[in-house]
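Position 119 (the sequence shown) corresponds to 119 in UniProt numbering; numbering is contiguous.
The beta-carbon is built from N, C-alpha and C at its ideal position, and this holds for glycine as well.
Take a look at the structure below.
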Amino acid sequence: GDDVQSFWAHKELICSKSDFFAKALNGKWKEADENVVKLPEVEAEIFELYMQLLYTEDPSNGFINNDVTAEYIRLFKLCVLCEKLQDRTAKNRVIDAVVELSKKVKVDGNIWLPGASAVSILYEGTTSSSRMRTLLADFLVERGHDHWLSD
Numbered sequence: 001g002d003d004v005q006s007f008w009a010h011k012e013l014i015c016s017k018s019d020f021f022a023k024a025l026n027g028k029w030k031e032a033d034e035n036v037v038k039l040p041e042v043e044a045e046i047f048e049l050y051m052q053l054l055y056t057e058d059p060s061n062g063f064i065n066n067d068v069t070a071e072y073i074r075l076f077k078l079c080v081l082c083e084k085l086q087d088r089t090a091k092n093r094v095i096d097a098v099v100e101l102s103k104k105v106k107v108d109g110n111i112w113l114p115g116a117s118a119v120s121i122l123y124e125g126t127t128s129s130s131r132m133r134t135l136l137a138d139f140l141v142e143r144g145h146d147h148w149l150s151d
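So this is what it looks like as structure tokens:
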């Protein structure tokens, strides 16, 4: 589409972190010849977070607006991208950020857990062996309420 956004990264860095980029940029592919990888299905905001994570190891994006729901969605989208890019280190940093986010306390003393839209993003974009899925299941077992399971 017309809303294409370009990002630049040091090839050695991105290839050392991401198996996807290492294969795309070092093989006999058009991407390797042009040093360009197009990811049309990835939202620019999420790829920008990935780039921030690549260089700073901090996926939190300064989390200042206190919209915990939006932050879970962003982090889960970032986790899905890290899985697609086969960047284990970045994925672990995102898991750490989700753990920190889960410690935020609501006014009523309860903690924030990811909502249905965030959970859908995670489950639709990750494999059954995803560590983030395991973490999410642990959250629900440890911090969930029995009335969540009733009609």
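Given a cut-off of 8 Å on the beta-carbon distance, is the pair residue i and residue j in contact?
| i | j | result |
| --- | --- | --- |
| LYS17 | THR89 | yes |
| LYS11 | GLU43 | no |
| PHE47 | LEU39 | yes |
| PRO114 | TYR72 | yes |
| LYS91 | GLU100 | no |
| PHE21 | CYS15 | yes |
Let me know the secondary structure DSSP gives residue i once reduced to three states.
| i | result |
| --- | --- |
| VAL68 | helix |
| VAL94 | helix |
| ASP21 | Reading off the sequence, residue 21 comes out as Phe, not Asp. Three-state result, PHE21: helix. |
| GLN52 | helix |
| ALA9 | coil |
| LYS84 | helix |
| THR126 | coil |
| ASP58 | coil |
| LYS77 | helix |
Looking only at DSSP bridge pairs, what is residue i linked to?
| i | result |
| --- | --- |
| ILE111 | VAL105 |
Write down the C-beta distance between residue i and residue j rounded to the nearest angstrom, noting that I regard them as a contact closer than 8 Å.
| i | j | result |
| --- | --- | --- |
| SER102 | TRP112 | 7 Å |
| residue 177 | VAL94 | Because the chain is modelled from 1 through 151, residue 177 falls outside the range shown and cannot be assessed. |
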